[in-house]
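Quick note on numbering: the sequence shown equals residues 8 to 255 in the numbering used here. A short write-up of the structure that comes next.
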Amino acid sequence: MHINLHPNISTKLQTVSRGSGLDTYLADSLKGSTRAKRGQGVRRRVVANAAIPGNWQNFLRVDSNKTELFRFLSAALMEWFDQEDKQLVITDGEAVLSKPLLPDLTSLAPCNHEEADSRMLLHASHAAKHGHHSIVIRTVDTDVVVLAVSVVQELQPEDELWLAFGTGQRFRYLAAHEIAAGLGREKARALPMFRSNWMRHCVQFCQTWQEDCVGSLAVLPELTEGCCCCPSHHVTYQTMQCASSRGS
8 MHINLHPNIS TKLQTVSRGS GLDTYLADSL KGSTRAKRGQ GVRRRVVANA AIPGNWQNFL
68 RVDSNKTELF RFLSAALMEW FDQEDKQLVI TDGEAVLSKP LLPDLTSLAP CNHEEADSRM
128 LLHASHAAKH GHHSIVIRTV DTDVVVLAVS VVQELQPEDE LWLAFGTGQR FRYLAAHEIA
188 AGLGREKARA LPMFRSNWMR HCVQFCQTWQ EDCVGSLAVL PELTEGCCCC PSHHVTYQTM
248 QCASSRGS
């Protein structure tokens with residue numbers, strides 16, 4: 008499969024000292040039924056001499072296609088990468104590959120996170136612990152933005168966490184550390200659970216708080232407390248704390 012990937016990565020690495028790439032699709036994923044509703048694709052082998060799929064949407068409907076593609080790209084990047092003063096860190100299932108070999112990957116692997124969303128934050132935490140104090144996460148997913156704002160204060164005060172968010176004319180850089188500082192520690196921590204409930208009752212919330220949903224956290228302190236105490240919220244928050252302690 009001839010994908011012109013190396014020039015793109017080379018360009019990205021010109022202005023950074025470390026690059027991380029990750030994603031995974033579990034066979035027994037909780038989101039498997041959601042993916043199945045998107046329709047059936049065609050299973051294809053991913054090898055070096057294969058033609059690029061003519062219909063990427065159809066190709067990406069099959070989780071095994073994506074898994075094999077990511078492994079193929081990871082292996083190709085690891086073989087190609089050879090830049091001084093740069094680091095490359097890539098996930099390989101529950102494991103992590105790095106070049107040059109990093110001495111301490113205990114806070115990154117093994118990792119069985121179903122979503123790349125939270126795993127990105129583990130990589131951000133690990134990078135910050137090892138001297139990378141200005142970190143950029145490239146995403147088009149608002150879930151990643153919310154999670155980043157909620158946990159960025161687990162990093163050190165001098166660390167900056169940026170999100171390169173959106174595409175085309177809607178692309179912009181978001182400073183997660185500044186957003187979190189503006190909200191305050193507790194409100195920032197409450198965001199994931201608040202957003203989860205907001206999405207579940209989207210119509211009701213839009214009618215009530217269309218202009219300022221987050222403002223409800225300011226006038227309802229018990230809502231903030233409840234969101235912070237919810238067990239499902241602690242999954243990401245405690246994971247970041249665990250990564251911090253293991254990386255110390």
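Don't be surprised by glycine CBs; every beta carbon is placed ideally from N, CA and C.
Give a yes or no on whether the C-beta atoms belonging to residue i and residue j are separated by under 8 Å.
i    : j    : result
Y180 : L170 : yes
R25  : A134 : yes
V184 : V147 : Looking at the sequence itself, residue 184 is His, so the reference to Val does not match. No, they are not a contact pair.
L108 : L129 : no
Q90  : L20  : yes
By the 10 Å Cβ neighbour count, where 16 or more other Cβ atoms means buried, how is residue i classified, buried or exposed?
i    : result
S157 : buried
T149 : exposed
R126 : buried
H140 : exposed
A195 : buried
P199 : buried
N72  : buried
Smallest Cα separation from residue i: which of the options?
i    : options               : result
A58  : S71, L76, D70         : L76
G138 : D124, Q94, V152       : Q94
G173 : V152, G189, D166      : V152
N56  : S71, T74, L67, A83    : A83
D99  : G61, A131, L162, H120 : H120
Residues in the same chain with beta-carbon distance under 6 Å from residue i, minus the five sequence neighbours each way, listed in chain order, please.
i    : result
V69  : G48, R50
R145 : A171
F88  : L95, K106
I5   : The displayed coordinates of the chain run from 8 to 255. Any statement about residue 5 would go beyond what the structure contains.
So, at 8 Å on beta carbons, what are the nonlocal neighbours of residue i in its own chain, with the 5 sequence-adjacent residues on each side left out?
i   : result
M85 : L95, I97, L104, K106
Continuous beta strand (DSSP E) assignments of at least 3 residues falling wholly in the region 128-153: 141-146
Where are the beta strand (DSSP E) runs, 3 residues long or more, that stay fully inside the region 34-107, in chain order? 94-99, 102-106
Scan the region 158-189 and note each continuous beta strand (DSSP E) run of 3 residues or more that stays entirely inside, going in chain order. 167-172, 179-182
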